[in-house]
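K.L.:
Attaching a single structure in structure tokens format; questions to follow.
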Amino acid sequence: MKELAQSTYMAGVLVGAIVHGSLADRFGRRTVILGCLLQIASMGTAAAFSPNFASYCFFRFMTGMGICGLIINDLGLTMEWIPKKYRPFVTIIQGTCLTIGQLILPGMAYAVPDWRWLQLSLSLPFLIFPIIIWWVPESYRWLAIKRRSQQALHNLNRVARMNGEKDGTFVTLEMLTHENEKNPKKASFKSTPLGLFRTPAMRRLTISLSMSWFSSSFSFFAIAMDIQRFGFSLYLLQVISGSSDIPIRILSTIIAAYVGRRFAVSLSLLFSGVFILCSLAIPSDLIVLQLSITLLAKGLLGSSIVCGYLYTAELFPTELRQTGIGFTNMMMRLGAVVAPLAMMTKAYAPFLPLVIFGIAPILCGLPLLWLPETLNSHLLDTVEEVEARGQNSTCKKKKELEYETKL
């Protein structure tokens, strides 16, 4: 029963990735975030009062959809407002907040043993968050790509005033209109997953990133399940695992900020696979060493996920950014679903699961080395710009508006 409920939740997360990603490209990031918050609050609260197991699974499915939609669209909205030099550090802050939540959850579960009250206490705070998000402006990039230049201008000047800029009119309506006129094909691709495969460069991006996301989650959740074999308390393992992730993620973020996003993600995957394979050579009586190597591999996989969010958001164009993030996130969730099945290969050979979980990130991390580097690059808005970059041609350089540095 417990496994079925968890699988139902993960199925909701998988569906939410693609549904809420496409909706955000069509209706806006902020609108979908508000909807996801209300969905989590209402469905999570309903789950606490569910009269039977079937209704509980349904409400958990809907909660999973909302959680995934919130994560990917919060990331997208953040990336489209934050200047490029701050993006890696904002990403690690977001990733660390997720880890802090992981550290808090065991304490809450211990303090509130009744699952209904625990579910309720986790769901009700989401009724407050829409009040905060209500004051967050919609992405000016999405508004511009949808030719809503007047509102984009309003949001730009509003954020400029919030940041202390005395001149709130450094971007004019004529400048935004001129950008739209230079790109008459903007918003020409429908916000569906099919748009991710219609051109060569987009196909290469989507397939390579999907492979990396799949392998990250595939091995990450397998290792997270595998560490339970060491016999420590589940609560203690949760705290140790969450705490060990933070310094590794900080190091990966520094690499992403100063060396490159591509190397941060690919090297995290490659070294995580190497450490998983190395753990096979450690004698079973050296439990502490085995656990340390395993946690190091898990931390690197977690870093590949955090840095992968940044890299993915910077690679996809604005008109399909959330659809792309949603699709690759769906592949990540699919990896988590498949991981328990790979664990079943232990029946044939005890070492076989770890071999599979070690080889997967190595094989899927290599194709990333042939993708474009996005360090110090501006976000692209259209599929045409992605194709030009993919063909190693020189994109027609946009007139860089002052807000890139002022915001």
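Just so we're aligned: -2 in the numbering used here is position 14 of the sequence shown, and the numbers increase by one with no gaps anywhere. Built from N, CA and C at the ideal position, the CB exists for glycine as well.
1. Between the Cα of residue 179 and the Cα atoms of 1, 4, 304 and 18, which residue gives the shortest distance?
2. Using alpha carbons as the reference points, say which of 264, 350, 270 and 200 lies closest to residue 288.
3. I need the straight-line Cα distance from residue 207 to residue 282, nearest angstrom please.
4. Counting only beta-carbon separations shorter than 9 Å, does residue 263 have a partner in chain C?
5. Given this structure, state the Cα-to-Cα distance separating residue 239 from residue 356, to the nearest angstrom.
6. Keeping to the same chain, check which residues put their C-beta closer than 8 Å to that of residue 373; ignore five residues upstream and five downstream.
7. What do you reckon, are the CB atoms on residue 295 and residue 233 nearer than 9 Å?
8. Whole-angstrom Cβ separation of residue 241 and residue 73, contact assumed at under 8 Å?
9. Can you have a look at residue 202 and say buried or exposed, based on whether 16 or more other CB atoms are within 10 angstroms of its CB?
10. Whose C-beta lies closer than 7 Å to the C-beta of residue 315 among residues of the same chain, with five residues either side of it excluded?
11. Taking buried to mean at least 16 other C-beta atoms within 10 Å of its own C-beta, is residue 139 buried or exposed?
12. Which same chain residues end up closer than 8 Å to residue 350 when comparing Cβ atoms and leaving out the 5 residues on each side of it in sequence?
13. Locate the alpha helix (DSSP H) running through residue 304, then write down its first and last residues.
14. On a Cα-Cα basis, can you pick out the residue from 32, 308 and 264 that is closest to residue 334?
15. I need the DSSP call for residue 118, collapsed to helix, strand or coil.
16. Nearest to residue 119 by alpha carbon, out of 146, 79 and 127?
17. What did DSSP end up calling residue 199 once you bin it into helix, strand or coil?
18. Quick check on DSSP: helix, strand or coil for residue 357?
19. Is the beta carbon of residue -5 less than 9 Å from the beta carbon of residue 310?
20. Does DSSP put residue 47 in a helix, in a strand, or in coil?
21. Give the range of the alpha helix (DSSP H) segment to which residue 328 is assigned.
22. Quick check on the burial criterion: 16 or more other C-beta atoms within 10 angstroms. Buried or exposed for residue 259?
23. By the three-class DSSP mapping on this structure, what secondary structure does residue 67 have?
24. With DSSP as the reference, label residue 255 as helix, strand or coil.
25. Cα separation between residue 262 and residue 212?
26. For the alpha helix (DSSP H) holding residue 346, just list the boundary residues, first then last.
27. Whose CA, out of 100, 86 and 113, lies closest to the CA of residue 23?
P.N.:
The answer reads as follows:
1. Shortest Cα-Cα distance from residue 179 to any of 1, 4, 304 and 18 involves 304.
2. Cα-wise, what sits closest to residue 288 is 200.
3. If you draw a straight line from the Cα of residue 207 to the Cα of residue 282, it comes to about 6 Å.
4. Reference to chain C is not applicable here, since this structure consists of a single protein chain.
5. Rounded to the nearest whole angstrom, the C-alpha separation of residue 239 and residue 356 is 16 Å.
6. Cβ within range, chain order: 185, 356, 364 and 379.
7. No, these two residues do not count as a Cβ contact at 9 Å.
8. Between residue 73 and residue 241 the Cβ distance is about 7 Å, and since that is below 8 Å, they are a contact.
9. Burial call: buried.
10. For residue 315, the CB contacts under 7 Å within the same chain, skipping 5 residues up- and downstream, are 194, 197 and 198 in chain order.
11. Result: buried.
12. Result list for residue 350: 250 and 254, in chain order.
13. Premise fails: residue 304 is in no alpha helix (DSSP H) and is neither H nor E.
14. Nearest C-alpha to residue 334: 264.
15. When secondary structure is reduced to three states using DSSP, residue 118 falls in the coil class, being assigned neither helix nor strand.
16. The option with the nearest alpha carbon to residue 119 is 146.
17. Under the three-state reduction of DSSP, residue 199 is assigned to helix.
18. Note: residue 357 maps to coil in three-state DSSP.
19. In this structure, residue -5 keeps its C-beta atom at 9 Å or more from the C-beta atom of residue 310.
20. Residue 47: helix per DSSP, three-state reduction.
21. According to the DSSP assignment, residue 328 belongs to no alpha helix (DSSP H), since it is labelled neither H nor E.
22. A residue is called buried once 16 or more other Cβ atoms fall within 10 Å of its Cβ, and residue 259 is buried on that count.
23. In this structure, residue 67 counts as coil in the three-state DSSP scheme.
24. Reduced to three states, the DSSP call for residue 255 is helix.
25. Between residue 262 and residue 212, the C-alpha separation is close to 19 Å.
26. Residue 346 -> alpha helix (DSSP H) spans 336 to 349.
27. Closest option to residue 23, Cα to Cα, is 113.
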